[in-house]
Amino acid sequence: MDDDDYNLLNMDRHTPLSTGTPSPYGRACVNCSQSKCKCITRGVGGRCERCTRLNKECRPSVTVRRRNLKRPVVSKSARLEEKLDGLVSLLKAGAQPSAIAADPLTTAVIYNSAQHSNGTSDTTSPHSQTEGGSVMSALNDNLPVSASGKTGSEGTVYNSPATVLHDAVEPSPVEAEEYLTSFRIHKSNYFPFLYIPSTTTAQQLHQERPFLWLCIMAIASRSTSQQQALGNKIRHILAQEMVLNSGRNLDLLLGLLVYIGWANYQVHSKPSLSVFTQLATSLVFDLGLNKPTQKDPQLMLCINSQKSPKPATVRTMEERRAALGCFVISSIVSSFLQQIDALRWTSHMDECLQVLDERHECVNDEILVQQVRLQRIVEKVTLSTWYDGGMEAAEDIKPPPYFYLQALRSQLQEVKNKLSPQSQCCEVVLAHLYITELTINEIALFQMPIITNHPNFQQLQCLYACIESIKSWFEVFFSISPIAYIGFPFSIFSQLVRCLATLYRLSTLDDPAWDKKGVQKTADLLHILDRVINNMEQVKTLAGLNNNESTEEDIFSQTAKLFRSIRPGWEAKLGPDDLMISTTSTLDDTSETSLAEAFPVNFSDNDWLTDFLLSPNY
1 MDDDDYNLLN
11 MDRHTPLSTG
21 TPSPYGRACV
31 NCSQSKCKCI
41 TRGVGGRCER
51 CTRLNKECRP
61 SVTVRRRNLK
71 RPVVSKSARL
81 EEKLDGLVSL
91 LKAGAQPSAI
101 AADPLTTAVI
111 YNSAQHSNGT
121 SDTTSPHSQT
131 EGGSVMSALN
141 DNLPVSASGK
151 TGSEGTVYNS
161 PATVLHDAVE
171 PSPVEAEEYL
181 TSFRIHKSNY
191 FPFLYIPSTT
201 TAQQLHQERP
211 FLWLCIMAIA
221 SRSTSQQQAL
231 GNKIRHILAQ
241 EMVLNSGRNL
251 DLLLGLLVYI
261 GWANYQVHSK
271 PSLSVFTQLA
281 TSLVFDLGLN
291 KPTQKDPQLM
301 LCINSQKSPK
311 PATVRTMEER
321 RAALGCFVIS
331 SIVSSFLQQI
341 DALRWTSHMD
351 ECLQVLDERH
361 ECVNDEILVQ
371 QVRLQRIVEK
381 VTLSTWYDGG
391 MEAAEDIKPP
401 PYFYLQALRS
411 QLQEVKNKLS
421 PQSQCCEVVL
431 AHLYITELTI
441 NEIALFQMPI
451 ITNHPNFQQL
461 QCLYACIESI
471 KSWFEVFFSI
481 SPIAYIGFPF
491 SIFSQLVRCL
501 ATLYRLSTLD
511 DPAWDKKGVQ
521 KTADLLHILD
531 RVINNMEQVK
541 TLAGLNNNES
551 TEEDIFSQTA
561 KLFRSIRPGW
571 EAKLGPDDLM
581 ISTTSTLDDT
591 SETSLAEAFP
601 VNFSDNDWLT
611 DFLLSPNY
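Once you know that position 231 of the sequence shown is 231 in UniProt numbering, the rest is easy, because the numbers rise by one and skip nothing.
Shown next as structure tokens:
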């Protein structure tokens, strides 16, 4: 109320009860409305009681009461029919001159996906055009996507990906060739599920596999801002094509595997990484890559039987690599995050592995074969009932039989014996080999305290084998030049975090039967951590990474800062009596002693990394 109301407060107490009529909702005069008082009118056209008391001009307020419009009730079947009509109209819109064309990349991806939905089987090699249905024909025909969006049954406008993503920064033709070359040289050998011949240009890949091209550009770009823009475009296309349009084709699968394989550049949250991995797994199932090809056409329930897909009769090498690559990356994500299941291994995938091992169309095929064999052993360990990826020992879990451990070690030794001389010197294969050894022997950490009354000291042998595996892994890691780190996929980053975290636990393990000083002599945790930080900090300069137009730093600078921030907490946990002198330490501020407080707030988006290092067991 205003001051006049307070001055008349006592007078109002002696005023007889009003005989006027309250104004309807939204019809109070201007003075009463501003003072938020009840407006009592005495008669038609007269002043209200409050304005009369205050001797003010009583002006009616000009208001328009908002009313909720009743939306028509539309059945689910009607909405489904309208969506189907919208898709048909979208495909027929090319003949309308008034339609606004989308950008070529989004148009090509949408056309490719729509074509698969209409029955064109995508089983050819990535560098040949399918008859009457290539992505190039979509570009030539300039198939448009309405930029104004599509109207739903309730009047809601849905913007197409072309509208939302039109401003995304795409590389120039020169940059695209540079990024594709960088992918071939620095990245493809770390996760070789994809073979792109050296004769294939970026322009050809853009025309034949537009989504794969986009994903390669996103992870190979040396500009952080460009990586972010292209990453946003990838997520929008995935949402549009896989979720809304139910698109299923090999281009989406290959691009998604690139996106997940190098998720350390784009995906910084565990839920997102899990979702993308499950999308890739669903594509393998929908495309039937995990089972033999059908020799006879099958009858399928579809809207138009004349456009039913023709099943492929020959499995291509590209499809075999894609299925095996999906198994590898889904198993790595599953064992690291412990949130989803990996792609289930089938007998047909066994056949794909055998064919790939026998043919070796490219040098990297041998690397993929060894990765699959080693990851299958890891998968057997992680699927065991006594395995806990969070490394939390349960009271009701008993140690596994030692003959089972011996069986796993025998399988690993069999893989070692089959390694060619080239694989025995390959850093990628050796890194996977040592992380597999660590996974097998790591089961000794599930049973604490250490059992010393066993005649063969099997538990102690496993723990010391873990140290040797970690030491060997870091020897391989440090043999790689920091400039080559730009090719590291998610698997190498997860292995790095796994080795550091496990070495930290072994270095701080309090047990009378455990020699912590011996651990420090074999593998000095802080010395190793300092070398990792130093190498990560060199990548930006050596590789020419550009963070100028971005609010965030590149993944290597972020990782270096993250590891630098946890070092004081780890040093405090180790204690002065157990510390070895680390001659390569570059830290100036060691005042922070809490591991949890050592993490800066701006790293909260990298929760798959920080959560693992902040685990109570580490």
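Beta carbons: idealized from backbone N, C-alpha and C, even for Gly.
Treat the numbers as computed from the prediction; the structure is a model and nothing was measured.
Could you tell me which residues DSSP pairs with residue i in its beta bridges?
i    : result
I40  : P22
C29  : P60
C352 : None; C352 has no bridge partner.
What would DSSP say about residue i, mapped onto helix, strand or coil?
i    : result
S223 : strand
N546 : strand
P192 : coil
P421 : helix
P173 : helix
P197 : coil
C326 : helix
C362 : coil
C51  : helix
N441 : helix
K416 : helix
I234 : helix
D357 : helix
S246 : coil
K291 : coil
A342 : coil
V428 : helix
V258 : helix
Q406 : helix
E552 : coil
By Cβ distance, which residues of its chain are closer than 6 angstroms to residue i, with the 5 residues on each side in sequence left out?
i    : result
L430 : V476
G20  : I40, T41, R42 and E49
Y195 : C362
H206 : W213
S557 : K540
R498 : none
E319 : L289
D444 : Residue 444 is actually Ala in this sequence, not Asp. Q459, C462 and L463.
R315 : T293
Does the beta-carbon distance from residue i to residue j come in below 8 angstroms?
i           : j    : result
S550        : T224 : yes
V378        : S347 : no
I329        : I260 : yes
P192        : L368 : yes
A560        : M536 : yes
Y265        : I555 : yes
A220        : F183 : yes
V283        : L256 : The identity of residue 283 in the sequence shown is Leu, whereas the question assumes Val. Yes, Cβ-Cβ distance for L283 and L256 is below 8 angstroms.
Q495        : W473 : yes
A202        : L238 : no
R531        : F478 : yes
residue 636 : N534 : In the structure as shown, the chain starts at 1 and stops at 618, and residue 636 therefore has no counterpart that could be examined.
T281        : L343 : yes
L337        : L419 : no
F493        : L529 : no
H186        : G487 : yes
residue 695 : W262 : With the chain covering 1 to 618 only, the question about residue 695 has no answer from this structure.
M242        : L252 : yes
K516        : L509 : yes
Leaving aside the five residues before and after residue i along the sequence, list all residues of the same chain whose C-beta is less than 7 angstroms from its C-beta, in chain order.
i    : result
L374 : V415, H432, L433 and T436
A28  : C39 and S61
N441 : C462, A465, C466 and S469
N189 : N364, I367 and V428
I234 : L214, C215, A218 and Y259
S137 : Below a pLDDT of 50, predicted positions are generally treated as unreliable, and S137, at 35, falls in that range; the measurement from the model is reported next regardless. Closer than 7 angstroms at the Cβ level, and outside the excluded window around S137, lies no residue.
S23  : C39 and T41
Q411 : I377
Excluding the 5 residues preceding and the 5 following residue i in the sequence, name in chain order all residues of the same chain whose CB lies nearer than 8 angstroms to its CB.
i           : result
I467        : L503, L506, V519, T522 and A523
residue 640 : Any answer about residue 640 is impossible in this case: the structure gives the chain only from 1 up to 618.
L438        : C466, S469, I470, W473, R498, C499 and T502
S423        : E366, I367, Q370 and V429
If you measure from the beta carbon of residue i to each beta carbon in chain B, is any gap under 8 angstroms?
i   : result
E82 : Within the model displayed, chain B is absent; a lone protein chain is all it includes.
At 4 residues or longer, what runs of the alpha helix (DSSP H) sit wholly inside the region 454 to 538? Qualifying alpha helix (DSSP H) stretches, in chain order: 458 to 478, 490 to 507 and 516 to 522.
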